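For the sequence shown, this note's numbering gives the first residue as 380, with consecutive numbering after it. Think of the CB as a built atom: it goes at the ideal place given N, C-alpha and C, for glycine as much as any other residue. The model shown is predicted, which means the values in this text are computed figures rather than measured ones.
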Amino acid sequence: MDITGFLASLESSSLATGIRDSLYVFPLIESLHVVGLTMVFGTMLIVDLRLLGIASIRRPFTSITSDIMKWTWASFIWTAATGVLMFVTNANVYYHNFFFRTKIVLLALAGINVLIFELTSGRTVHRWHKDAAAPLAGRTAAILSLLLWITIIVMGRWIGFTTSQSKAPLDRDINLDDLFTPPANESGSPK
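Written as structure tokens, this is what we have:
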């Protein structure tokens with residue numbers, strides 16, 4: 380199966396159709412994605428600022444990472460899962476979107492940055508974890524991390540403004556008052 384066929388099969392799956400055809404599910408998933416991404420960035424920001432010697436300098440680096448990184452990874456998994464759910468709804472359009480592709484490349488680069496940090500400064504953390512700032516390699520990784528994650532966030536926002544649905548949205552009049560009104564039974568009166 381070629382990529383076009385694979386993308387079409389993703390879009391036509393019952394999961395993608397259910398998300399795409401629901402008035403509320405896609406916005407809910409997107410909101411959960413943003414919350415997860417906020418957690419990823421927020422926790423990475425704490426670690427990166429500590430590496431740079433800007434924040435929490437009285438606290439050992441290893442103490443901060445042991446408290447925070449579990450939340451970073453849980454949030455990253457959450458964000459990746461919600462991202463996949465959004466992707467399948469319009470896979471062909473997202474796949475060909477410049478900003479989506481850039482975001483994926485930047486995510487890979489962020490992962491490589493973490494790997495390089497672990498293979499360099501991370502291996503000697505016992506020597507410097509109580510210092511105000513990390514060695515040059517650690518500070519460089521922190522700066523790259525901040526730049527990558529800020530750009531990932533920007534690319535993610537631009538995806539939403541540069542894509543269109545593969546089909547027109549459902550023809551519904553949306554009345555926000557209906558969100559707070561119980562559903563009507565078959566006779567038209569509230570249950």
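Straight-line gap, residue i to residue j (C-alpha atoms, nearest Å)
i                 : j              : result
serine 410        : serine 401     : 15 Å
arginine 506      : glycine 432    : 15 Å
valine 467        : arginine 399   : 9 Å
arginine 437      : lysine 509     : 8 Å
phenylalanine 571 : methionine 534 : No answer is possible for residue 571: it lies beyond the span of the chain, which begins at 380 and ends at 570.
tryptophan 528    : methionine 380 : 34 Å
threonine 530     : glycine 490    : 14 Å
isoleucine 408    : proline 439    : 37 Å
With 16 other Cβ atoms within 10 Å as the buried cut-off, status of residue i
i                 : result
leucine 416       : buried
aspartate 427     : buried
valine 419        : buried
threonine 461     : buried
phenylalanine 405 : buried
Residue i - DSSP class collapsed to helix/strand/coil
i              : result
aspartate 510  : coil
asparagine 492 : helix
leucine 402    : coil
isoleucine 447 : helix
threonine 541  : coil
asparagine 469 : coil
methionine 380 : coil
alanine 583    : Residue 583 is absent from the model: the chain starts at 380 and stops at 570.
Rounded distance between the beta-carbons of residue j and residue i, thought under 8 Å
i          : j             : result
serine 454 : threonine 422 : 7 Å
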